[in-house]
Each structure stands twice: as structure tokens, then as C-alpha cells.
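Working notes for the structure below.
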Amino acid sequence: MLRARSHVAALGVGVAERARRCTLGAALLVGGATGLACGEAPPDLGTPLPEPTQALRPPDQRGPIPEASRIVDYELEARYDETEHRIDGRTRITWRNHGPAPVDRIPFHLYMNGFRAQDTAWMQQGRGSHRSYGQDPEAPWGYIDIASVERLGSLGSDGNAARTELRHAERSEPSLMDVWLDAPVAPGAEVQLELVFTTHLPKVFARTGYSGRFVLAGQWFPKPGVLMPDGSWSAHPFTVYSEFFADFGQYEVQLDLPADLVVGASGILVSREEDGDRQRLRYRAEMVHDFAWTAGTDLVEAWAEHDGIRIRALVPEARAADAPVHLQAQRATLDSMQARFGPYPWSTITIVDPPPGASGAGGMEYPTFYTTTQLRPIPSVLRRLGFDHRVGGEFTTVHEFGHQYFQGLLASNEFDQPWLDEGLNTFSNFLVYIDEYGPDDADGPWLLQVAGNPLTVYDGLRLDNGGIGPSQPIDLPADRFSPLVNAYDSVTYRKTAAIMMTLRRLAGAEPFDRAMRTYADRFRFRHPTGADLEATLAEELGDRIVLGRTADGRPIELSLADYFEQALRTTRAVDFRAHDIVNRPRLGDAGWHRDEHGELVGGDPPEPRSADLPDDEVEGVVVVHRRGEFVVPVEIEVQLSDGTRERVLWDGTGRYRVLTWPGRRVRAVSIDPEGRLVLETRRYDNTRWAEGEHPRATMPDAMGQLAEASSLAVLGGLGP
Amino acid sequence: MSRVLGGLFRVLRAPGLWLGLWLGVTAVAGLVGIHMRAVVAATLGPFTALDLDHVLFNTFDVVRDHPALVSELIVSVVGSATLGALVWTLLAPLLIARLAQPRSWSELGGRAFSRLPTVLVQSLWHLPLRLLLLLVVGLSTRTLPPLVTWSALGLAWLVAGVALDATRVAVVEHDAAPWHIRSAWRGLVRAVRRPGLLGPCVLLGIGQLALTATILWLALAGFGHASPWPARLLALLGVGLGLWRIAIIVQDAADDPPAAA
Ligand SMILES: [Zn+2]
Chain A
41 MLRARSHVAA LGVGVAERAR RCTLGAALLV GGATGLACGE APPDLGTPLP EPTQALRPPD
101 QRGPIPEASR IVDYELEARY DETEHRIDGR TRITWRNHGP APVDRIPFHL YMNGFRAQDT
161 AWMQQGRGSH RSYGQDPEAP WGYIDIASVE RLGSLGSDGN AARTELRHAE RSEPSLMDVW
221 LDAPVAPGAE VQLELVFTTH LPKVFARTGY SGRFVLAGQW FPKPGVLMPD GSWSAHPFTV
281 YSEFFADFGQ YEVQLDLPAD LVVGASGILV SREEDGDRQR LRYRAEMVHD FAWTAGTDLV
341 EAWAEHDGIR IRALVPEARA ADAPVHLQAQ RATLDSMQAR FGPYPWSTIT IVDPPPGASG
401 AGGMEYPTFY TTTQLRPIPS VLRRLGFDHR VGGEFTTVHE FGHQYFQGLL ASNEFDQPWL
461 DEGLNTFSNF LVYIDEYGPD DADGPWLLQV AGNPLTVYDG LRLDNGGIGP SQPIDLPADR
521 FSPLVNAYDS VTYRKTAAIM MTLRRLAGAE PFDRAMRTYA DRFRFRHPTG ADLEATLAEE
581 LGDRIVLGRT ADGRPIELSL ADYFEQALRT TRAVDFRAHD IVNRPRLGDA GWHRDEHGEL
641 VGGDPPEPRS ADLPDDEVEG VVVVHRRGEF VVPVEIEVQL SDGTRERVLW DGTGRYRVLT
701 WPGRRVRAVS IDPEGRLVLE TRRYDNTRWA EGEHPRATMP DAMGQLAEAS SLAVLGGLGP
Chain B
-10 MSRVLGGLFR VLRAPGLWLG LWLGVTAVAG LVGIHMRAVV AATLGPFTAL DLDHVLFNTF
50 DVVRDHPALV SELIVSVVGS ATLGALVWTL LAPLLIARLA QPRSWSELGG RAFSRLPTVL
110 VQSLWHLPLR LLLLLVVGLS TRTLPPLVTW SALGLAWLVA GVALDATRVA VVEHDAAPWH
170 IRSAWRGLVR AVRRPGLLGP CVLLGIGQLA LTATILWLAL AGFGHASPWP ARLLALLGVG
230 LGLWRIAIIV QDAADDPPAA A
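Chains A and B supply the protein sequences, listed in that same order. The first sequence begins at 41 in this note's numbering and counts up one residue at a time. The second sequence begins at -10 in this note's numbering and counts up one residue at a time.
Below you can see the structure in the form of C-alpha cells.
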């Protein structure tokens, strides 16, 4: 508590100092462009809040927690040596066999070993870099070494547990280790193991490590795999795109750190003692599947309370002004996600903005604890001119908190089906934006503004997905995505969001949101699979969603199974094109016909040109082309010359659909006018005007005017 | 102030010059626009409709399939800028001679034509001086925040512009040494030493930059639906500000003539 106050005071000085430095810039008539840092009042960092006494919210607020989900408990003791960047640790693990058969071997994840050498599975793919951050040549390697594994038996007469040394061995891929039990654990029984380990942290480039005195410890201790219902183990090598998969349980963690470091961690702080130049902190986290912590100097604390949840942000002192933005984004995300996916069950959330030099730690989620990224605010003078974005650190905060649900709470297997985690989360992030900024309609909130012109969330998804091409299907294990193909991010995150958004727009927001709530309620504190999601949606929305009817009354349906099959397990693209509009003379009776006597009569000439005909003698024809392989129903809107608009639903089967309007002239056609098919990335060929008709605005005019204005600007504006 | 007003009267007494230059600028820009329209129309075929609620997406969507449209736009802008630099240099003696005093067509043409080579040579001499000035300013402000550095460089650029015009006025109207770098140097010294000259001219330069930014902003904000006339009228103002800047320098030189060769 004292520490918090001293940091707040230090911050006040820092901000005042910056304000003084800024007067020079202001004097140069450019002050407006320096944005947040200049001449503004110190940011509101809230008042330090007492630590909750329980790691979970009260039972009436946190929602149900199935007791059977508690599989593995940890007691961890760790001492951090910041000159060696080494953690000396000991963990006591209680693991329950909830499988169908006795277990005599437990595989463990040694994630840190992914960074041990160039030939680990992680490094073979990652080649020493993650996102845009590379290994530091001075401190490139991270690893974890297991000194011993013992099985603890029942207490002896001396009060100590009997100990049996167990055989353990790393696999050839060192991010995995096997421990052989001396005797099998029967179904329903539990085993207690004690492991002594040493973890060496790399200079941070891939989520975990140190930078100067800052440290972010993630994936730092040995973790057992997950025993699947069929008795097989899920334990995967750590690869560049695979994240983490573990069972729920209780964590009691004792950290021994230099006394002057500001510390944040998963769960609640139970106690803190200072002993000379060290501090000993005890943390508790309940019903979580991982535990991470951070420590550093020059971190400013900012506080908020929302719905009884204690929110604490740790931001670099130089970026203290960002803290209120992260806190606000956090509150908005809590509101949206609790309303949509059920209550957040834990009593705390800790946000960390890693300091300069430690950006490789940014943008990662751990239970009740996550790292965000730096805000990139647009200077206020430009904002007033309509230039702005919502895709910087604010979005990272929304995204990383979103992981508290997908997969902190709905703990899917991030290795086997990363889309359930990153994809559903990205989808929920856009829902947060819809809830926070609105509207929830065909346009949606903007992500980017250029001179007041918005790029909406749907536009953003289309653009992102349009860039990837038909590269890899969504429903693949993480290690099947190659960094060389470079499709993982777009496919797993944004294409998944686009298939969910498309389904929401087709099925209707209200029933779809209800179905997702059912999924979230049903699989809290469990390990849902893609099949679980598909089955829940089919159960709630129906296997076949009726989207409309043909002229003769037959239903036009969207088969969910078919939709998911195409969307998740193929690379088929949704792509339609307005192939043609023809206004031709209506079929008449000119020419020679036989009369009742068998004589040829008539012989009138055909109508020469439809342009000269009155509308009722014209037949308007529209030809729509399904260019993409993805078969999905689509709406077609036709504008007729009498000013009316008609909509026709096409089931999307077949390559072409020909629509005719006898006695009416067609002015224009627009495929998917409401943009429900968010999966469709190319839209400009969806609209077409008949020959001789002129749309309200055209791209040639717009680009021509832009070119003319640019020319005027450099020739006339800059002048002689 | 007398320089500033004197300069303004000189511009107002030459409305034909102002309007003529503007008509030229508008015609060139109009042609650039027509060319761009034709290229985009030919590229897109029947799919030309612009969705006014999603102009950014619509544009990215089109450009992703037809990236050459971006290079077309860049060529238009860079081409216009190059043309501008060339034409304004070639026309400089004419503008100066006209702003200096009313002259008959033949006298004006004769002076403009005869002084053109010296203006070109002095413009070339001016280049290394401008680079030197930018280098000095850039190096001496490099430790300051980037915004300050860039603002200082921008100011230096505008100051150099005033110096160039002062040199041109000296060789066109006051018989300064036509070929010697000394004239370019004296123009720079004159500009820097006369805050009463430099101040208004730099402010007018900033005004021109603001106009340029405004034209571009209007084009983006009204993408696909704005009238082209505000941009054209702002260009008229831009040409006027440029002429005013030169006229102030002409006035200053008339009041206190620079040394002749
Ligand atoms: Zn994520």
C-alpha cells in the first residue's frame, strides 16, 4: 500500500516535468500535435484498493463452478535471482485421476525448454523470433531443468511424508518430459508429486523473460498434460503457434524477490513480508489453469473497481497517462462479456503494460492477469480532423481480457484447436466494440477513420481475410500452420471472427447471441471442443436455419453442418459477382404464326431496341454468378426503373442464377446489400448498374477528383 | 507593413496574371483528373459504383485487385509536383517583371525571356545553399524531439524559398551579378537579415502549406461526393498567396535595391 502511494507521488512529479518540457513545443505552434503527453493534468490513477480476501467472487456473483473440474493443485515456491535471471523453484502438485483407467505415467510440459536450443520444435519453426521480436544475442536462451521428482506418500510417524524418487526423462523434444510413477494411480484417486526445478529466463522476445530489471514470468514451471476422457494424454510439444492447455485447480504460490520490485501476479496477494533486501509474497489463485507473475521498477499502479472486481494496472511511469484508457477498456470489456458470456468468476484482474525494451512480453493472457501493449493515440489536432483508430493498445486490452473467457474459463485445447481460443476471442472483441461504440447493425462501429471516413469492424475483417488467399483451413492444430505460409494470424483470429459474424448476421443477432450464451454457460470451467460449439449452436439455432422462401414457398435453408464444414475445414471462399444486367424487349408475338385454318399470318417485325420501348414492354434480366466455391444463401436486391426495390433470396447452389422481371426495366443490382456475408472479401463487383444508368457516386469520379485535388494542392496550393 | 501592403497592391494591380496562372493550374489539374477517371473506369469495367457508407473499404477492395491504380495516382501527384517546380521556375522572371511594374507585352516578354537563363543559373546555385541550410538546421536540432526538428526543417525550407525569390528579383530587376554564386548568397543573406521581409513571407508560405493540406483534406473528407469547386477556389487563393509573397520581395527590393553587379 505504501509502495503504491510513493509511486503515485513520483508520477505526479514526472508528469509535471513532462508538461514543462512541452512548453517549447507549444511555443512552436505545434503543441496540439503532441497529444497526451503535453501540458495536461496528471492522469487519474484511482486510489489503491485493498486486496480481496478471496480469489473467487462470492458464490452468488461468480456463477457455478463444477467441483469435478478441479484436477490439479499446485504449491509453488520460487526464488528469483535477478543477476542470473534464474528462478529456483519447488512445486508440489496434487493430481487427480479423473480418467477411466489407472495411470502410471504423467507427461509434463517444460515450456521454457522451447527456447533452449535452435533444434527445439519451437525454434525450428520460430527461428529465434516471435511476432516482430527477435532473440537477444547476449541472452538468447531460456530453459528449465528438473533436478528431482518425488512422489509423496502418507505421513510417517515423524510428521514427514514418505518420499519415493521417481524416474523422469525429457523426450527428444525437450519441451516434454515423462514421469513414471512407482505405482499406478487408480481412477478417482490422487497422487502428490514434488519437483525441484531451475528456470533460466531469456531476454524477453516471446512472452516470457526479462528486460533490465523488468521480468515477466510465464510458462516458468513444470505442468502436467491433460488426461482426456478416453484415457489418452494431451501433451504437445511447444511450437511457435501453440499456446497452452491445462487443467483447472488451486495455486498457492510463494515468491521471493528483491524488495524494491513492484510485483503483480495471477490471483490475490495473501501476504507480503520484507526481509532485508528481499520480499516474500504469497499469492493464491483458485480454479485457474496457469499462474504468471511480473516484477519491475518504475511501474506505476492504477486502480479501478468494477462489479466488485479489483482491477489493477501496472504501466511504465512514462506511460502513466495511458492507464485510465486501459482501465476504461477493461471496464467496457467486462460489461460486454459478462452480459454475453456469463459472470467473470474471479475477484481480481491485473493488467501489465510492459516497459520499453520488454515489448516482446506484450499482448499475452494468463488467468486473471494479462499483458497489453502501448497505446498509439492520434494527436488531438488530427482527431479533430477525423483521423483516428481503435486498433492500438486499447484493442490489445480488450483482446487479452477476452481470453479470460476464451480460454481462461472455456479452456479449449489451444494446441489442437487454436481457433476456439483466438478466433472466438477476436469475435467477442468485436462484440465488445459493438456494445461499447455501436451500432449493432449492417455497418457496425469503426476501427479506423480517415478524414471522417470510417473503416468498420466488418470492413476490417473483409480486408484482412482478403489478404490471405485460400491458404489454410481454420480447424487445424497449431503446429500445422507454417510461419512460412504466414496464414495463422489471419485464419485463426480474423477468419474465425468473420465466420462467426457471418453466422450471427444470417441467423439473427438475438438467437445467435442466446446460443453463444448457452455454449458459454455449458462449458465454463471445462475443455470445450469445436464439436461442442457446433453441436450447441445446432441445438440452439436448429440444424437448418430457414432464411427465407422461394417464390413457390419452398424454404431456403442454411445447413449449419454444411456451413461449418466449408468455413472451418476447407479454404473455400465466399465470392459473388453481378455478372450482367440486360433489359431486352419483352417476349412478344411478332413473326408468322398459323391461324385456325393452318395459314401463316402476321409477320410484324420484332421490336427494334428496348431503349426506345416503354418499361412495360421490356423484360429486365439479372445474372448473378457465384465465383467462390463456398455455397451459401445470398440475398439479391434489384432496383427497378419505377423506383421500387425487390429482394430475392438465392440458395447459392449452382454457379449462376438468372432472375427476370417481365414488363419491368432493371436499373441496378446489388448482391448481399446488407453485407451479411462478412466472409465475402471482394465486394466491389457485387453491385452493377444497367447500361445508361448512373449510380449516385462512382469510383472513377472519386479517384479522378482525388487526383485533381492532389494536383491542385501541389500546383496551386504550394503556388509560385 | 508598407512592404506587405505594397506587395498586395502589386498583386491586385495584376489580376490578369493571377487569374491566368490559376486557369493554367486548374486546366492541368483538370486534365490529371480526367486521365485518372478514364484509367479507373477502364480498369473497373461495369463495377464502378461507389458505396458512400464504406468508401475506405471500397477503395482498398478495388486497389487490392488493381494495385496499379495506386501507382497511377502517385504518378499524377509526383508528375504535378515536378511540373509545378519546372513551370514556376520558368515563369519566375515573367512574374517578377510583371509584379515590378506594368509593362507592355513586348517589354515584359523581352525582359522575362532575356533574364530566364540567369534565373535558371541562380536557381541552380541556390540548391547547394538550400541543402547546406537544411543540413545545418537538421544537425543542430537533431537532439530535440522529432516534432521540433521537423518544424525547424520546415521553417528553414520556407526561409530558403524567400532567399531564392530575393535572388531572382535581384537578377531580374536590379541587375545583380547574373552568373555568380555571390548573387544567390546575397539573396540568402538579405532574407535572413530582414525580419520585416522574412516574417510575412514565411507566414504566407505557411499559409500556402495550410491551403495545400486543406485541399487534400477536403478531397479525402468528400471522397466521391464533394464538389470540386472548393479545391479549385482554394488553389486560386494559393496562387494569390504565392504571388503576394513574391510581390513583397519585389516591393522590398524596390524600396531598398540590392547591389548591382
Ligand atoms: Zn489472443
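Note that beta-carbon positions come from the ideal geometry of N, C-alpha and C, so glycine has one too.
ask   = Hey, would you say the C-beta of ASN465(A) is under 8 Å away from at least one heavy atom of ligand 1?
value = yes
CB contact flag (THR156(B), ALA145(B), <9 Å) = no
message = For the structure I just gave you, are there three or more beta carbon pairs, one from the region 733 to 752 of chain A and one from the region 557 to 576 of chain A, closer than 8 Å?
response = no
Min CB distance ALA81(B) to chain A below 9 Å = yes
Within chain A, the residues that PRO217(B) reaches when beta carbons sit closer than 8 Å = GLN745, GLU748, ALA749
message = Which of the three DSSP states is assigned to GLU190(A) in this structure?
response = strand
task = With 7 Å as the limit, tell me which residues of the region 185 to 202 of chain B have their beta carbon closer than that to any beta carbon of chain A; keep them in chain order.
result = GLN197, LEU200, THR201
ask   = Would a check of beta-carbon distances place HIS115(B) closer than 9 Å to chain A?
value = no
inquiry  = Given a cut-off of 9 Å on the beta-carbon distance, is the pair LEU321(A) and LEU309(A) in contact?
reply    = yes
ask   = Tell me which same chain residues have a C-beta within less than 6 Å of the C-beta of ARG705(A), skipping the five on either side of it?
value = ASN623, ASP655, VAL658, GLY660, SER681
request  = Quick one: measure Cβ to Cβ for PHE470(A) and MET377(A), integer angstroms, because I've assumed they're closer than 8 Å.
outcome  = With a Cβ gap of about 12 Å, PHE470(A) and MET377(A) do not count as contacting.
inquiry  = Nearer than 8 Å: is that true of the beta carbon of HIS170(A) relative to any heavy atom of ligand 1?
reply    = no
ask   = If you run the structure through DSSP and keep just helix, strand and coil, what is TYR291(A)?
value = strand
request  = Tell me whether ASP128(A) sits in a helix, a strand or coil according to DSSP, three-state version.
outcome  = strand
task = Could you check the C-alpha separation between GLU162(B) and ARG119(B) for me, to the nearest Å?
result = 22 Å
Beta-ladder partner(s) of ARG544(A), from DSSP = ARG544(A) pairs with nothing; no bridge assigned.
task = Please classify HIS276(A): is it buried, with 16 or more other beta-carbons within 10 angstroms of its beta-carbon, or exposed?
result = buried
task = Pair every Cβ in the region 566 to 575 of chain A with every Cβ in the region 598 to 617 of chain A, then say whether three or more of these pairs are closer than 8 Å.
result = yes
query = By a C-beta neighbour count over all protein chains shown, 10 Å radius and 16 as the cutoff for buried, is MET637(A) buried or exposed?
reply = Here the sequence assigns His to residue 637(A), which means Met is not the residue at that position. The residue in question, HIS637(A), is exposed, as its Cβ has fewer than 16 Cβ neighbours within 10 Å.
ask   = Taking any Cβ of chain B, which residues in the region 718 to 732 of chain A have a Cβ under 7 Å from it, in chain order?
value = ARG722, ARG723, TYR724, ASP725, THR727, ARG728, TRP729
request  = Check the C-beta distance from ALA518(A) over to PHE455(A) and give it rounded, since I have them as a contact under 8 Å.
outcome  = 5 Å
key: Bridge partner(s) assigned by DSSP for SER710(A)   = GLU677(A), THR727(A)
ask   = When the Cα atoms are used, what is the spatial distance from ARG695(A) to GLY548(A)?
value = 26 Å
inquiry  = For ligand 1, I want to know if TYR533(A) counts as a neighbour, meaning its beta carbon is within less than 8 Å of at least one of the ligand's heavy atoms.
reply    = yes
query = How would you label GLU39(A), buried or exposed, when you count the other beta carbons within 10 angstroms and need 16 or more for buried?
reply = This structure cannot speak to residue 39(A), because chain A is shown only from 41 to 760.
task = Give me the Cα-Cα distance between ILE195(B) and VAL158(B), rounded to the nearest whole angstrom.
result = 21 Å
inquiry  = Taking DSSP's pairing of strands, which residues face VAL266(A) in a bridge?
reply    = SER274(A)
task = Look at the Cβ atom of ASP652(A), then the Cβ atom of ARG722(A), and state whether they are nearer than 9 Å.
result = no
ask   = Given that ARG502(A) touches chain B, what residues does it touch there, using C-beta distances under 7 Å?
value = PHE46
task = Run through the region 3 to 50 of chain B for me and flag every whole alpha helix (DSSP H) of 4 or more residues, listed as ranges in chain order.
result = 4 to 33
message = Counting only Cβ pairs nearer than 7 Å, list the residues of chain B close to LEU425(A).
response = TRP206
Nearest-angstrom Cα separation, counted from GLY715(A) out to SER65(B) = 34 Å
query = Can a CB atom of chain B be found closer than 9 Å to the CB of LEU495(A)?
reply = yes
request  = Taking ARG53(B) as the query, report the chain A residues whose CB atoms sit under 9 Å from its CB, ordered along the chain.
outcome  = LEU503, GLY506, GLY507, THR721, ARG722
ask   = What span of residues does the alpha helix (DSSP H) with SER599(A) cover, start to end?
value = Taken as a continuous stretch (DSSP letters only), SER599(A) belongs to no alpha helix (DSSP H), being part of the beta strand (DSSP E) at 595 to 599.
ask   = Does the distance from the CB of THR132(B) to the CB of LEU142(B) come in under 9 Å?
value = no
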